[in-house]
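Residue numbers (the working numbering), protein chains in the order written: chain A, 1 to 259; chain B, 260 to 600.
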């Protein structure tokens, strides 16, 4: 169970963006999509939940434990992240990348035990990255890299997975595949999956719950249906050029005249 | 499995090359006499003196120093996320030389008492001076490394190295004029200048450095994924950086102090180790890089001490002939470097 208790995230410096008073929760098996335009605070919120950035106020708790107060080693066993930032050392092969996910569980040498190998084999199987295990990570295509990153996160056998805009560079079939995979993993492994995305259509179709950031420090939460009917989606995304149509459940381009 | 067979092969090669190096020099000794001198079973006093007092310290110094540079190269390439990083290319060795030169010059100008103090405690004091220089150079390069790409960092490291070496040579010139010839003939790299009684001062810090390198190997492997992912895997990145730097200083400073600026060994050995190990994880690389570095250093030493008609070769000349083309190949073909442009 993930509980955000009056959480405030952002940067305290002058002009820094702050998102505050967040009270939300997600249950094991939930596939949660965080939507919002660029700069609405998605990444900041996710980094804070993952314990990679200090919160300004309030707490994020995983199974009743304050994530920020966890020992780094404990947190690493429970939370896995996939981020847009990818500053990998170029000599890494795919199998190294995935095996490193087991570091929080291994002895001081980092050698793999049987359960580590089993977790890796399972992650490799569901993400179907077997064919490129021995290739250099830097030689992979964007789609292959994302599958590897997800395999790495799955191999960490976390209670909570935090994935930041992982589908940004993928074509539509790969996006559908990856989001469906994450959703089924959430169900099967009783994990909480938090995914931020620009992919409204897919997110609305697949998410159990949507956290919608409106870009002005406000947010709304609900099932995709509720949010689209309440007009919250329109509030967050409508511009001069497009608007959300609750009736169709999708965006349409405004024609001059109907505006 | 491949790692163990490679290690065994490297150990065998190292042993064979060591034996070979012990047999030749100004006076050639038959292999039987060399072995006899080593084991103390049967040999002449002369053979024993040549092998044990002259040649063995040189061979041991080459193996220890080469191994230390190879390991330090693995640490630095991971820490700087830079496939062409090593203690020499990033100016750490030159920084260490400058530290020694400053210390010697200061002693020379302070007077004969300071010089004789320095001479008496030559091992520890020179190592400490080198360590200070190496550590300062490492911190400077780490600060620069966060702002520039891999190739820029390499160029800056080489330039800072040249600057330090220039300063070192000027300083040592004045130190010599002021009467403090504590340290001469060491601006070029060589293993021949390591006296038998200096070997413990070479080996002890390096041994501690090896322990530190092994202890940081696991979190340093996580750092291969970048700082944020390393943190998400439970690594305390800042303290890890400091620990790795400390290990590097311990590995490198004694080499500078006793053998001078040995080039290219630390840069090439990690690539060699990665190719053999088939992984970039740090722990499996350390022994392979140490063995590879030791073999390369010893091979260089073996070539310059081969029975040429006159002694004309320098260690760094041999290492550069072998090493520089390898670096050029890395710069052109390594996907790692291409990604950095």
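All C-beta atoms, glycine included, are put in the ideal place defined by N, C-alpha and C.
- In the structure shown, residue 286 of chain B falls within a coil segment according to DSSP collapsed to helix, strand and coil.
- The alpha helix (DSSP H) runs lying completely inside the stretch 138 to 187 of chain A and spanning 4 residues or more are 142 to 155, given in chain order.
- Within the stretch 31 to 84 of chain A, the beta strand (DSSP E) runs of at least 3 residues that lie entirely inside it are, in chain order, 31 to 35, 57 to 62 and 79 to 82.
- Residue 551 of chain B has a beta carbon lying at 8 angstroms or more from every beta carbon in chain A.
- In the same chain as residue 67 of chain A, and ignoring 5 residues on each side of it, the C-beta atoms closer than 6 angstroms to its own belong to 51 and 60, in chain order.
- Membership of residue 209 of chain A in any alpha helix (DSSP H) is not indicated; the residue belongs instead to the beta strand (DSSP E) covering 209 to 213.
- Assignment of residue 399 of chain B by DSSP, reduced to helix, strand and coil, places it in the helix class.
- Around the beta-carbon of residue 397 of chain B, 16 or more other beta-carbon atoms lie within 10 Å, marking it buried.
- Annotated three-state conformation of residue 194 of chain A is strand, per DSSP.
- Taking one beta carbon from each stretch, the stretch 80 to 90 of chain A and the stretch 111 to 128 of chain A have fewer than 3 pairs nearer than 8 angstroms; the two do not touch.
- Pairing residue 390 of chain B with residue 512 of chain B gives a Cβ-Cβ distance under 8 angstroms.
- Here DSSP, grouped into helix, strand and coil, assigns residue 539 of chain B to coil.
- Nearest neighbour of residue 226 of chain A by Cα position, chosen from A:240, A:238, A:207 and A:53, turns out to be A:207.
- A check of alpha carbon separations from residue 496 of chain B across B:483, B:507 and B:508 identifies B:483 as the nearest.
- Put simply, the stretch 519 to 534 of chain B does not touch the stretch 230 to 245 of chain A. Fewer than three CB pairs are less than 8 angstroms apart.
- For residue 52 of chain A, the C-beta contacts it makes with chain B under 8 angstroms involve 487, 490 and 491, in order along the chain.
- Taken atom to atom, the span from the alpha-carbon of residue 452 of chain B to that of residue 459 of chain B is near 14 angstroms.
- Counting only Cβ-Cβ distances below 9 angstroms, residue 266 of chain B has no contacts in chain A at all, with the closest Cβ about 16 angstroms away.
- For residue 277 of chain B, no CB of chain A lies under 8 angstroms from its own CB, so it is not counted at the interface with that chain.
- The alpha-carbon of residue 79 of chain A is positioned some 46 angstroms away from that of residue 358 of chain B.
- A Cβ of chain B is located within less than 8 angstroms of the beta carbon of residue 85 of chain A.
- For residue 539 of chain B, a Cβ of chain A is located within less than 8 angstroms of the residue's own Cβ.
- In the structure shown, the three-state DSSP call for residue 451 of chain B is coil.
- Residue 168 of chain A has its alpha-carbon roughly 15 angstroms from the corresponding atom of residue 148 of chain A.
- In summary, the residues of the stretch 504 to 535 of chain B whose CB is separated from some CB of chain A by less than 7 angstroms are 533, in the order they occur in the chain.
- Per DSSP, the unbroken beta strand (DSSP E) holding residue 21 of chain A starts and ends at 18 to 26.
- Look at residue 498 of chain B: its C-beta is not under 8 angstroms from any C-beta on chain A.
- The C-beta distance from residue 326 of chain B to residue 553 of chain B rounds to 4 angstroms, short enough to meet the 8 angstroms contact threshold.
- Think of a sphere of 9 angstroms around the beta carbon of residue 129 of chain A: no beta carbon from chain B falls inside it, the nearest being about 16 angstroms out.
- At least one beta carbon of chain B lies nearer than 8 angstroms to the beta carbon of residue 110 of chain A.
- Residue environment for residue 191 of chain A: buried (at least 16 other C-beta atoms within 10 angstroms of its C-beta).
- If you draw a straight line from the Cα of residue 197 of chain A to the Cα of residue 38 of chain A, it is about 10 angstroms long.
- Interface annotation, residue 340 of chain B: in contact with chain A, CB-CB separation under 8 angstroms.
- Under the rule that a run must span 4 or more residues, the alpha helix (DSSP H) segments found entirely inside the stretch 85 to 120 of chain A read 94 to 99.
- By the criterion of at least three beta-carbon pairs nearer than 8 angstroms, the stretch 212 to 228 of chain A is in contact with the stretch 19 to 39 of chain A.
- Here residue 9 of chain A carries a strand assignment [DSSP, helix/strand/coil].
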